[in-house]
Amino acid sequence: MTIFKTCDIRGVYGSELDKETAHRLGRAVGARMQSREVVVGGDLRISTPALKEALILGLLRGGAHVVDVGMVPTPAFYYAMRALGISAGVMVTASHNPARYNGFKLMLGALPIEPEELQELAREMQRDDLAEGQGNRRTADILPAYEVLLCDAFSGQHPRHVVVDAGNGAMWQTAPNVLRRLGHHVDEIHCVPDGTFPGRDPNPAVPAHLEDLRRRVRESGAELGIAFDGDGDRVIFVDEGGRVQPADRLLVLMIRHLLRQFPGAAVVYDLKSSSVVPEAIRTAGGRALIERSGHAFIKRRLLTEDAVLGGEVSGHYFFRETGGDDALYAILLMLRILDEAGATLGAAMDTVPEYPGTPDLRIPCPLDAARRILDELRQGLARFPIDTLDGVRVRFDEGWALARVSVTEPL
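The opening residue of the sequence shown carries number 9 in the numbering used here; numbering runs sequentially from there.
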């Protein structure tokens, strides 16, 4: 299984990627960015400090100037790029993957890196004749400014009782800080930073991983529960009854809110989303743009189409205002929506149609075998309308089914 995925680089630390991988990546990126600045950040995984330092040394050898923003949530890393006016950045993270994994998210220009460019970078990493230079490095403490920005944007909220489950990941401090500064009462679970993720698996999109959060919401009488992934760019919501609310149906509340402010604007959604999403966009007068799953694909479409909003079933929410995905921004926007509605999350979700659907069936499968299976499905179901934007999406008279290869894991 290659470490070069569709949207980023990920693999098991020690066996699939190591400090040499990070150094070679740094050299390749540095050779491209000679004499220009590159923002570097990292999550809390045990292997991140070693990978991050090797990456930085490679960038410096390649001639890039490094701005090290430290251990930060991925949305804060993207904020740093915007605030500092720097178009290139590398975040050391494996996002929601288990603790033994690590990897790199890259921005080498105004738009997310494309699969073809990632493969080109992989080839450059094997070269020993890359251009060299001598970059310099500096640090930047961007978390305080990121927190102030969010607090200023969402001031005046009605105080609520919120349970924050950071999953021992990168949002362990930032999310509670911002919510408390806005006047909310915050209970914390799994908010001790620990890159081994002892509290739960770092993927909050699997309902079984949220039992602690659901129980705490019910027992404490909280109005809302929120769960982050390992690097803090995805969020799953739990309502006041301890029920996990699907990200695509929750996106409908944001669609209604933002299309009232920006009539006719575009909204991007991934093809795993329920039909309720495009219906809500069209009902609200917006342009519905379907896109393949993957944070880089949704972000690129958001930027190129000047969309006001984007969302994925996995819990990624993207905003024109932030130029990409930001889980904490999504939470604060949802709290504003609930304030304006004078409702709890459960009551607000009762206004969103619900269509029957199965949960994800996540089947471990080597990439070659997965591709053969998709080919066989495409041939065997050829009598039905098929969309091949991402895998095989088959449309029936009263629904659809999707089989696809994960862009982040061997599934």
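C-beta: ideal position from N, C-alpha, C; glycine also.
For the set I394, V415, R412, the Cα lying nearest the Cα of D405 is the one of I394.
A296 has V275 as its beta-bridge partners, per DSSP. In this structure, the beta-carbon distance from V98 to V37 falls below 8 angstroms.
Counting only residues of its own chain and dropping the five nearest sequence neighbours on each side, I64 has a CB closer than 8 angstroms to the CB of G34, V48, V74, D76, R145. Of all alpha-carbon atoms in E24, G66, A102, the one lying nearest the alpha-carbon of T56 is that of A102.
For the pair H324 and D202, the CB atoms are not nearer than the 8 angstroms cut-off. Here the alpha carbons of L158 and G332 stand approximately 15 angstroms from one another. With a 10 Å radius around the Cβ and a threshold of 16 neighbouring Cβ atoms, A161 comes out exposed. Every unbroken stretch of the beta strand (DSSP E) spanning 3 or more residues and falling wholly within the segment 43 to 95 is given here in chain order: 45 to 50, 73 to 79. Following the DSSP letters along the chain, one finds R401 inside the beta strand (DSSP E) bounded by residues 400 to 404. Under the three-state reduction of DSSP, T396 is assigned to coil, being neither helix nor strand. DSSP places D220 in the uninterrupted alpha helix (DSSP H) bounded by 219 to 228. For L410, the uninterrupted beta strand (DSSP E) segment begins and ends at 407 to 411. Here the alpha carbons of L126 and C15 stand approximately 8 angstroms from one another. A residue is called buried when at least 16 other Cβ atoms come within 10 angstroms of its Cβ; A139 does not meet this threshold and is exposed. Distance between H193 and D173, taken at the CA atoms: about 14 angstroms. With a beta-carbon spacing of about 5 angstroms, E248 and G354 fall inside the 8 angstroms limit used to define contacts. The closest CA to that of G207, considering only F236, G111, P184, S228, is found on F236. Secondary structure note for I244: its beta strand (DSSP E) is the uninterrupted segment 243 to 246.
Nearest C-alpha to G399 among E417, A390, A378: A378.
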